[in-house]
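*Asks:* In my numbering, the protein residues as written are 122 to 274.
C-beta atoms are modelled at their ideal positions from N, C-alpha and C, and glycine is treated no differently.
Pasting in a structure now, in structure tokens, and then I'll have a few things to ask.
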């Protein structure tokens, strides 16, 4: 079995967000063929879009998995559903948001999934925790050095 290296962003700002982010990490680690190998710290960040919502708790994890991208996405969406995630407003409040940021060095564009995540390079709440669990030489597939984008935020 091939082990894929994947980076996943986690975020929550509803109903005990620290609990949802930590529980999400545990649930990902319990997926068959999947293991969390690094976790960033938890970060408290301002929301995008609607400023009248609570601050977010964000983190990034590095996992190894035997799952392919769409299969992993299916499992992540099931985990979100278990946390009563409602997809109502873009950038609206949520109990748990799980985004695949990077999947090996693959570039994927389907109706359901774009990898690397197209907005990750603009989001400090993704770049800073990603940097914490990688290093300044880390390359984001398609975009290049992580450090280049960290300097812009």
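(1) Just how far apart, CA to CA, sit residue 221 and residue 264?
(2) Assuming residue 268 and residue 251 are in contact, meaning their beta carbons sit under 8 Å apart, how far apart are those beta carbons, in whole angstroms?
(3) Cβ of residue 134 within 8 Å of Cβ of residue 175?
(4) For residue 101, does the three-state DSSP call read helix, strand or coil?
(5) For the alpha helix (DSSP H) containing residue 246, name the first residue and the last one.
(6) Quick one: what's got a C-beta closer than 6 Å to residue 130's C-beta in the same chain, skipping five residues either side?
(7) With a threshold of 8 Å, are at least 3 pairs of Cβ atoms found where one atom belongs to the region 182-196 and the other to the region 156-163?
(8) Which term fits residue 120, buried or exposed, when burial requires 16 or more other beta carbons within 10 angstroms of its beta carbon?
(9) Note down, one range per segment and in chain order, each beta strand (DSSP E) of at least 3 residues found wholly within the region 135-194.
(10) Tell me which same chain residues have a C-beta within less than 6 Å of the C-beta of residue 270, skipping the five on either side of it?
(11) Would DSSP call residue 274 helix, strand or coil?
(12) Pull up the distance between the alpha-carbon of residue 173 and that of residue 148, whole angstroms please.
*Replies:* On the basis of the supplied data:
(1) 16 Å
(2) Actually they do not touch by this definition, with Cβ atoms about 11 Å apart.
(3) yes
(4) This structure leaves residue 101 out entirely; the chain is present only between 122 and 274.
(5) 245-254
(6) 181, 220, 222 and 247
(7) yes
(8) Here the chain comprises residues numbered 122 to 274, so residue 120 is not present and cannot be evaluated.
(9) If we require 3 residues or more, the beta strand (DSSP E) runs fully inside the region 135-194 come out as 155-160, 164-166 and 177-186.
(10) Excluding residues up to 5 positions away in sequence, 242 and 248 lie with their Cβ nearer than 6 Å to the Cβ of residue 270 in the same chain.
(11) coil
(12) 30 Å
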